[in-house]
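According to mature numbering (1 follows the signal peptide of the UniProt record, and there is no 0), the sequence shown holds residues -21 to -1, 1 to 282 in order. Think of the CB as a built atom: it goes at the ideal place given N, C-alpha and C, for glycine as much as any other residue. Computed from a prediction, not measured in an experiment: that's the story for all the values here. Reading through the structure tokens given below for one structure.
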Amino acid sequence: MQLRKMMVMLAALSSMSLALTACGDDAKAAETCTSDTDCSSNFCNTAAGVCMDTCESGSDCPDSEKNCAVLAGSSNTTQKVCQCQTNQLCNSDDSTSLVCGTVSKRCEEPGSNTGCTKDADCGSGNTCNTSTGVCSPAATTCSGEGQATCAYGSYCSGTTCTAVPAPTCENFDPAKGGKTPVWNASSSTGPIIYSIKKLTWGADVVSPAFCASGDTLRAEVKAYAKNTGTFPAQKSNLQGLFYVTVNGNQQDGAGLIRPSGYTPSADGKSATMIMNFCPGAISTISLGLYFTGGNEICSQLSK
């Protein structure tokens, strides 16, 4: 009889333990994701690769992730999600080793999430701080040239981040026989051409002359890439650059560059190229240039 009473008591204690465990208010383990459709909540923190719970107020969130706010650096600027704030709150129950993820904004094991490694991991209009793994809104002011601190698809013009111009020339107007533009700042990843400048138009200043007869137009072209190491050290290895004529015909752009006219940056993230064109008897030319996966850009140059 005594044994039976003990068994009943143990069973009751076990049930109470399970009930207490089930009633906890802890953050549930994060689902991994690469897009919103991977998440039951339909919200993916793409920089961290984890799903987040959506909310309207802090009362919708667990105690450990009570901050209900728009996620900084996300392309979704209206939906609020549950976020952690301190390591202490992440360990408000029996846990002692969890930390509030700098990038994930979820309670996690230390070192389990390194965050973004490139701008493509972040929402549109945001850039990746590769040293911290944190996405943040791109700068609007800048110094230097090329991408500097600007978002992909913009360049530093003076002290202001400026979007590269849309291709409005016939070279990229399919209605007039030109190539159809396909670049998109939000989804494309190719190199960005942001500057085309005439250097000389006349007798070639370099020997032997690039054009068999007539004038040679030399134009300085500047470009940057999303990632370091994109531009090769030698012009002979440059790929994906194209020159488009007004009727949409394309030719390899690397073939228009002398070896001495190619200067990549030390980290391979940007390059300056002197391209050579043979305009014949005309005195105005419409140039269309692009890199594979990059922006299409036009330039009207006159002799």
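| Check | Outcome |
| --- | --- |
| C-beta contact flag for Gly113 and Val82 at 8 Å | Reading off the sequence shown, one finds Val at residue 113, where the question assumed Gly. A contact, by the Cβ cut-off of 8 Å. |
| DSSP state of Gly37 mapped onto helix, strand, coil | helix |
| For Ser167, three-class secondary structure by DSSP | coil |
| Ser133 classed as buried or exposed, judged by whether at least 16 other C-beta atoms fall within 10 angstroms | buried |
| is_contact[Ile276, chain C] using C-beta, thresh 8 Å | Here there is only one protein chain, and chain C is not present. |
| Spatial distance of Thr209 from Phe270 (CA atoms) | 12 Å |
| The ligand GTP heavy atom lying under 7 Å from the CB of Ala212 | In the structure on display, the ligand GTP does not appear, and there are no ligands present to speak of. |
| Asp42 and Ser71 closer than 8 Å at C-beta | yes |
| Distance CB(Leu280)-CB(Ala198) smaller than 8 Å | yes |
| Stretch pair the stretch 161 to 168 + the stretch 179 to 193: three plus CB contacts closer than 8 Å | no |
| Beta-carbon separation (whole angstroms), Leu235 vs Phe256, contact threshold 8 Å | 7 Å |
| Length of the line joining the Cα atoms of Ala233 and Cys95 | 33 Å |
| Distance between Gly80 and Gln230 (C-alpha atoms, nearest Å) | 49 Å |
| Per-residue burial, Asp246 [other beta carbons within 10 Å of its own, 16 or more giving buried] | exposed |
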